[in-house]
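In this text, residue positions in the sequence shown follow the numbering used here: the first is 39, and each later residue adds one. The C-beta atom is built at its ideal place from N, Cα and C for all residues, glycine as well.
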Amino acid sequence: MFEDGAQSSEHTTPDYDLGGPTPCEYTPAFSSLRGLGGGVTRMEEAQMKEHSKWTSLAVCCLALLTLHCAQQPAADNRAADEAAIREADMAWSKIAETKQVDQHTAYFLEDGVVLAPNEAIVTGKEAIRKKLGEYFAMPGFGIRWQPTKVEASRSGDLGYSMGTYEMALNDPKGNPTTDHGKYVTVWKKQDDGSWKVAADMFNSDLPAEQAPTKAD
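Shown next as structure tokens:
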């Protein structure tokens with residue numbers, strides 16, 4: 039009977055072949071998934087390195103593109119700016135011929151200056167308006183000018199015009215006299231695209247009168 043029990047015990051644990059891999063055959067798979075417990079698999083590590091490489095490359099490309107754009111020169115609008123300055127200068131001369139003080143003064147910046155010969159510098163729009171009023175009120179006074187050269191900066195914010203002028207004025211005895219000379223005007227572009235006078239300087243081509251001596 040004991041032998042029968044032993045034989046019966048052997049039959050309670052049959053060895054079935056389920057057609058799948060044995061437990062030992064799962065070892066490599068479990069080894070590759072060890073990262074699930076909190077580590078990083080080799081595949082994930084390779085993917086992270088690849089992602090980091092492409093991210094760094096993208097950042098470098100963006101930096102180079104930004105630098106390239108920053109180094110691009112501004113558009114060269116000097117021809118258009120010079121034409122605008124010349125037009126403004128000629129229109130300004132027409133206003134001066136009509137002796138319109140306010141319209142003439144409007145061409146100056148608020149801190150504009152006038153450097154006339156044999157006079158102190160005149161600074162500020164109000165002081166310029168006052169001085170122009172004195173000029174225009176002189177008997178026989180008249181003035182006009184013509185630009186002969188105009189240049190503008192590549193930056194598009196500054197320019198100058200230079201040329202010749204003709205001026206009429208009565209002398210102390212009431213006799214009409216004429217003067218001619220040259221001028222330089224510095225222009226500054228405004229936010230609205232117009233040009234205003236920052237500085238205006240002129241002087242005569244005629245020889246200066248000799249100062250009287252004591253003997254005279």
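Straight-line gap, residue i to residue j (C-alpha atoms, nearest Å)
i      : j      : result
Gln184 : Met200 : 8 Å
Gly219 : Lys187 : 15 Å
Leu207 : Glu247 : 16 Å
Tyr221 : Arg182 : 11 Å
Asn241 : Ser232 : 27 Å
Glu157 : Thr202 : 20 Å
Thr79  : Thr93  : 21 Å
Ala121 : Ser90  : 55 Å
Asp149 : Thr161 : 6 Å
Arg192 : Leu100 : 28 Å
Ala144 : Lys211 : 33 Å
Thr216 : Ala113 : 44 Å
Trp130 : Phe174 : 15 Å
Leu209 : Ile133 : The amino acid occupying residue 209 in the given sequence is Asp; Leu does not appear at that position. Asp209 and Ile133: Cα-Cα distance of roughly 24 Å.
Glu125 : Asp230 : 16 Å
Ile166 : Ile123 : 21 Å
Of the residues the options, the one placed nearest residue i, counting alpha carbons only
i      : options                        : result
Met176 : Pro214, Ala246, Lys226         : Pro214
Lys137 : Thr216, Glu125, Glu172         : Glu172
Glu204 : Arg167, Glu135, Gly197, Asn115 : Glu135
Gly197 : Ala117, Ala206, Lys211, Leu100 : Ala117
Glu164 : Ile133, Ile123, His142         : His142
Pro245 : Ile166, Pro155, Asp229         : Pro155
Met239 : Ser131, Leu100, Ile159         : Ile159
Asn115 : Ala129, Ser131, Asp209, Glu189 : Glu189
Local conformation of residue i per DSSP, three classes
i      : result
Gln36  : There is no way to answer for residue 36, as the model of the chain reaches only from 39 to 254.
Arg192 : coil
Asp119 : helix
Gly171 : helix
Lys163 : helix
Thr79  : coil
Ala126 : helix
Ser90  : helix
Ala236 : strand
Lys211 : coil
Leu100 : helix
Proximity of residue i and residue j at Cβ, strictly below 8 Å
i      : j      : result
Asp127 : Thr223 : yes
Asp243 : Gly194 : no
Val151 : Lys169 : no
Ala236 : Lys227 : no
Phe179 : Lys234 : no
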